[in-house]
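These notes concern the structure reproduced below.
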Amino acid sequence: MDQTPRWYTIHTYAGYENAVERNLKQRIESLGMENKIFEVVVPTEKKIRVKAGKRIVEEEKIYPGYILVRMIVDEDSWFVVRNTPRVTGFVGAGNTPVPMEESEVKTLMKRMDAEAPKHRIDLTKDDPIVIMDGPFKDLEGKVGEIDEERGKVKVMVAMFGRETPVELDFLQIRKL
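Just so we're aligned, residue 897 is where the sequence shown starts under my numbering, counting upward by one.
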């Protein structure tokens, strides 16, 4: 069997990824599997969320219900991972775990290591909003476009007898 450590995707109960990570790390230590199972990772990235007019940076799971494990798969290591509470199985064909492609792993790790958090806002097109700050303060409008990367939103505001697009920061608006 191949003795090269590879990354595998493990399916867990959604919402229990961190608990599975902790349990699996404890099992690796208590069962002496450090020479077969090397890393356990819950893939997350930083997101900026606007809550009550304030920016909050949160860690958000990239793949809810999944964790990554770098390991050498043999009968013993497979058994340790597979029988960890709240693990439903390996991602793969039948009972055979399929390792992730190196390019997938590199892309995912780069995404996790990104310094700049991504913006996240609970708005959709045509949502009614009120402008909280700036020269258009207290005007109401509706969402036209959302640019999460830049943290901007284009709002359609009734001015001068017609709808006019205004680009604002997420922090400058509040959903009605």
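Even for Gly, the Cβ is constructed at its ideal location relative to N, Cα and C.
Thinking just about the alpha-carbon of each residue, which of 904, 899, 936 is nearest to the one in residue 1000? Residue mapping note: residue 1000 aligns to position 104 of the sequence shown, counting from 1. Checked all of 904, 899, 936; the closest Cα to residue 1000 is 904.
Segment contact, 8 Å Cβ cut-off, at least three pairs: the region 982-1002 with the region 926-946: In short, these stretches do not touch, since the Cβ pair count stays below three.
Evaluate residue 990 with the Cβ neighbour count: other Cβ atoms within 10 Å of its Cβ, from every protein chain shown; 16 or more gives buried, anything less gives exposed. The residue you call residue 990 lines up with position 94 of the sequence shown. Classification of residue 990: exposed, given that the 10 Å Cβ count is below 16.
How would you label residue 1032, buried or exposed, when you count the other beta carbons within 10 angstroms and need 16 or more for buried? In the sequence shown, counting from the first residue as 1, residue 1032 sits at position 136. Looking at its Cβ environment, which holds 16 or more other Cβ atoms inside 10 Å, residue 1032 is buried.
Distance, residue 1035 Cα to residue 1083 Cα: Residue 1083 is absent from the model: the chain starts at 897 and stops at 1072.
What do you get for residue 906, buried or exposed, if any count of 16 or more other CB atoms within 10 angstroms of its CB means buried? As a working note, residue 906 is residue 10 in the sequence shown. Within a 10 Å sphere around the beta-carbon of residue 906 sit 16 or more other beta-carbons, which makes this residue buried.
For residue 984, the first and last residue of its enclosing beta strand (DSSP E): For this step, residue 984 is matched to residue 88 along the sequence shown. Start and end: 983-986.
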